[in-house]
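Note sheet for the following structure.
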Amino acid sequence: MKKEILRMDRVTYMKQGAVKLKNFNMAIYEGEIVGLVPMNNQGLDVLLQLLQKNLPLFHGYVYYRGQMVNSWGKPRQEWNRISIIRNESILVENMTVAENVFLLRRGFKKWLVHKKVLNRQLTPFLEEIDAEISADAYVAKLTKFEKIVVELLKAVVAGHYLIVFYDISTFISDKERSYLYKVMQYYAAKGFSFLYITSHYEETEPICGRTIMFSNGRIVKYLYPVNAKLDARYLCQKAGFEKKVREQADKHGKEGKTREVFALENLFTSRIRGLSFTVGEGECLILQDLDNKILGELAWVLSGEKKPEFGSMHLDGEEVRFQYDRRIAVLQEFPAEKMVFSHMSYLDNLCFTLDHRLQGVWRSRRMRESIYRECGMFEDSEVFPYSVETLTQKQKYDLVYGRIFLQNPRVVFCMQPFNGAETSLRIHICELLEKLLDRGIAVVILAISLADSLALADRLIKIRHGKNYIEYNREDFEGLPDSVPWKSL
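Positions in the sequence shown are counted from 1; adding 9 to them yields the working numbering.
Structure (structure tokens):
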């Protein structure tokens, strides 16, 4: 008989008068790896909160490891031994791996701490999963993926028998994901259970025994690898991507090879060792970092924030210096948070990267109308008078991409543009990128995981050890692994 790790029975949760979850039922069993694919994020944050903390329920019951931990009649407001691992690490940067694993857990009461003892206790845990991490290494020195492994070990040592991975596939490489899958299977055999949350069903197939399709705060379908039949709404969203991909493919097929606008030759930095690539007008190129080590450094070099050791860069055939150049735009990861300035007006945000400030913009009707015409890519230009703090996530993306649209660079480098976005927003980002491509602007997507990026790509260059590893043209995409989302298109 299967042993239950978690059961949520007819859970209804309300927040500020709005129903977030209604009659929600979910069960996870010992040693099970369950996938969860959200079609939208409605109710997802509340679900994650309820897993860890027993918030007051409007109705229903929550059971963890055979005991009722929460109910509508007797809310306990206590924390459950469930870990959630996501993009933002909860580890303390200026402490060692062993200190994070052993000291920062509930129930630890020792006054004197011997570091050598802690290191010795952690070593068997590291060895049994073949983790190449030193117990006395400081967390600040670890890569993002190594921090994920440490958080996983921390959960195992603390006896958290349900571990949730939330949207981590966008910032770990294929090699790292394969290793993580093996570690998950190892601990599943020891009785630990996992909930793997991702935006793509393809990622759950190799590892999950079943996958939950989640929409509007409820489970709409369970999928099993043997007879998986995707929900019509998910297929509809996939069809939207398929249409865009085919339109893009037909367009480039008719136009043929485009004129080269940007070239990087033999670039050397502390981590980049001889990287070279070119991109043409209106072309979408993906640079996939297989080691998850160079993308940040590459973005710094391209934006002029860091000088390379060696290399050259050309724009429209002319050699240019490695410095800030408005013909080159860099879109940061999570642009709605990092590239929107709350102390500035909407229009000032929009015009931030123009060559000069627009004098008398509020006195000149002609100038305002010109900006509105330039921003024809927006669906709701009535947001102009409002504070940027009141904008929705979608409107903030419109603002950032509108700034690039006005800047009109020759090439745009996008750091993981789909990271952290729900499905509907990913489709909208795809549309915004398509508008830049239609204008003849070259788009280079800097990615760790291919995820949605493949939907618009004309070429893919895989990078290993800081240099070119292998290159794919669109017609070669069928040679990519089956787990790559949209590969079939």
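No residue lacks a Cβ here, since even glycine has one placed at the ideal position from N, Cα and C.
Taking only three categories from DSSP, how would you classify C439?
When DSSP states are grouped into helix, strand and coil, C439 belongs to the helix group.
Within 10 Å of its beta-carbon, does Y355 have 16 or more other beta-carbons around it, so buried, or fewer, so exposed?
Per the 10 Å Cβ criterion, buried.
Put G411 into one of helix, strand or coil per three-state DSSP.
helix
Burial state of Q297, where buried means 16 or more other Cβ atoms lie within 10 Å:
buried
Within 8 Å, strictly: CB atoms of P418 and L442
no
Quick test of the definition: if touching needs 3 or more C-beta pairs under 8 Å, does the stretch 268-278 touch the stretch 318-327?
The stretch 268-278 is in contact with the stretch 318-327.
Any idea what DSSP makes of W81, helix, strand or coil?
coil
Who are Y205's beta bridge partners in DSSP?
G44, F174
Local conformation of R186 per DSSP, three classes:
helix
Put A164 into one of helix, strand or coil per three-state DSSP.
Annotated three-state conformation of A164 is helix, per DSSP.
Identify every run of the alpha helix (DSSP H) within the stretch 267-338, keeping only runs that are complete inside it and at least 4 residues long; order them along the chain.
304-311
If you drop the 5 nearest sequence neighbours on each side, which residues of the same chain put their C-beta closer than 6 Å to that of I172?
S92, A164, F203
Ends of the beta strand (DSSP E) at K29?
27-38 is the extent of the beta strand (DSSP E) around K29.
Opposite R227 in the DSSP bridges: which residues?
Looking at the DSSP assignment, R227 forms a beta bridge with S224.
State yes or no: is the C-beta of K29 within less than 8 Å of the C-beta of G52?
yes
Report the three-state DSSP secondary structure of T507 (helix, strand or coil).
The shown model of the chain, from 10 to 498, leaves out residue 507, and the question about it has no answer.
Taking the alpha carbon of V535 as the reference point, which residue from L232, K347, Y205 has its own alpha carbon closest?
Residue numbering for the chain in the displayed model covers 10 to 498; residue 535 lies beyond these limits and cannot be assessed.
Nearest to T399 by CA position, among E211, Q86, A345, is which residue?
A345
Would you call the CB atoms of V159 and N96 closer than 8 Å?
no
So, helix, strand or coil for R74, using DSSP?
DSSP places R74 in coil when its eight states are reduced to three.
Do E342 and M424 have their C-beta atoms within less than 8 Å of each other?
Taking 8 Å as the Cβ cut-off, E342 and M424 qualify as a contacting pair.
Sequence-distant residues of the same chain with beta carbon closer than 7 Å to S433, five excluded per side
N49
Is the beta carbon of R483 less than 8 Å from the beta carbon of D461?
no
What residues in its chain sit with their C-beta under 7 Å from that of Y196, if we drop five residues either side in the sequence?
V165
Supposed close pair V310, V453 - CB separation, criterion 8 Å:
Wrong, their Cβ atoms sit about 13 Å apart, outside the cutoff.
Cβ contact (3+ pairs, closer than 8 Å) linking the stretch 57-66 and the stretch 80-88:
yes
Is the Cβ-Cβ distance between V339 and A308 less than 8 Å?
yes
When you compare only the Cα positions, how much space is there between V226 and I42?
According to the sequence shown, residue 226 is Gly rather than Val. The straight-line gap from Cα to Cα measures roughly 21 Å.
Let me check understanding here. Comparing Cα to Cα, which of I206, L151, V420 lies closest to D176?
I206
Once the 5 residues before and after L292 are set aside, which same chain residues still bring their CB inside 6 Å of it?
Here residue 292 is Glu; the residue named in the question, Leu, does not match the sequence. Only T267, A451, D467 meet the Cβ criterion.
From the DSSP output, which residues share a beta bridge with Y348?
A quick correction: the sequence has Met, not Tyr, at residue 348. Partner(s): none; M348 has no beta bridge.
Can you tell me the Cα-Cα spacing of D334 and S312, whole angstroms?
7 Å
Buried or exposed: H352, going by 16 or more other Cβ atoms within 10 Å of its Cβ?
exposed
With distances taken Cα to Cα, identify the nearest neighbour of L57 among Y478, L15, Y38.
Minimum Cα distance to L57 is reached at L15.
K459 and I295 look like a contact to me (Cβ under 8 Å); what is the Cβ gap, rounded to whole Å?
Strictly speaking, residue 459 in this sequence is Leu, with Lys absent from that position. Correct: roughly 7 Å between the Cβ atoms.
How would you label S379, buried or exposed, when you count the other beta carbons within 10 angstroms and need 16 or more for buried?
exposed
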